[in-house]
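Enquirer:
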Amino acid sequence: MNLEELYRETILDHNQSPRNRRALAHPTQAAGLLNPTCGDQIHLELEVKDGIVQDVGFDGHGCSISMASASMLTEAIKGKPVEDALALARHFKAFLTGTPSPVPLGDLEALRGVSQFPSRVKCATLAHNALEKALSGSEEGDRLR
Ligand code: ZN
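1592 is the number that my numbering gives the last residue of the sequence shown; the numbers go up by one with no jumps.
1) Leaving out five residues before and five after residue 1449 in sequence, what residues of the same chain have Cβ atoms less than 6 Å from its Cβ?
2) Kindly list the residues whose CB is nearer than 8 Å to the CB of residue 1499, restricted to its own chain and excluding five residues on each side of it in sequence; keep chain order.
3) Run through DSSP, which three-state label would residue 1565 get?
4) Any heavy atom of the ligand ZN closer than 7 Å to the Cβ of residue 1509?
5) So, do the segment 1470-1489 and the segment 1455-1462 have three or more beta carbon pairs nearer to each other than 8 Å?
6) Is the segment 1533-1552 in contact with the segment 1483-1501, if contact means three or more CB pairs nearer than 8 Å?
7) Could you name the residues of the same chain whose beta carbon sits closer than 7 Å to that of residue 1531, not counting the 5 residues immediately before and after it, in chain order?
8) In the DSSP output, what is residue 1501 paired with across the bridge?
9) Can you give the Cα-Cα distance for residue 1586 and residue 1512, rounded to whole angstroms?
10) Please give the ranges of any beta strand (DSSP E) in the segment 1480-1550, keeping only runs that are unbroken, at least 3 residues long and fully inside the region.
11) Using the Cα positions of residue 1468 and residue 1560, report the straight-line distance between them to the nearest angstrom.
12) Could you please give the first and the last residue of the uninterrupted alpha helix (DSSP H) stretch that includes residue 1457?
13) Could you work out which residue in 1492, 1556, 1519, 1565 is closest to residue 1453 when comparing CA atoms only?
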């Protein structure tokens, strides 16, 4: 299996068995976002305690890139400090525009091919933008609930 195939398998796997696709019992932060160019919709919930992302869940619908990316993101930030989660989102977005990430991106690296399709970058970063919105503390993010 070459690297391209491995990436495709990873994306497929997250699509078929999304991680953390559920509502949280006690969310402390939440945000919803829409990507109108593709029709992707994501609602992200977080339970933050003592500066740590204790739990995270998402729901939504959209293309395979947006859903796989949300699944990968939740897996990557669970149990991490809030600043690490925000740094990951920032590095991933830069990664998709060609900047190597200084931190490991885990399964999210499988989305590197998306950088060749600028219109799909919004699909891949939707969950990350929702994360930033949720952690910025604004309440307006909950409209899509
Ligand atoms: Zn999409």
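All C-beta atoms, glycine included, are put in the ideal place defined by N, C-alpha and C.
As the structure is a prediction and not an experimental result, all values here were calculated from the model.
Expert: To lay it out plainly:
1) none
2) 1526, 1527, 1528, 1529
3) helix
4) yes
5) no
6) no
7) none
8) DSSP lists no partner for residue 1501.
9) Reliability fails at residue 1586, whose pLDDT of 46 lies under 50, so the model's placement of it is uncertain and the value that follows must be treated cautiously. So the two alpha carbons sit approximately 27 Å from each other.
10) 1487-1496, 1499-1508
11) 24 Å
12) 1450-1463
13) 1556
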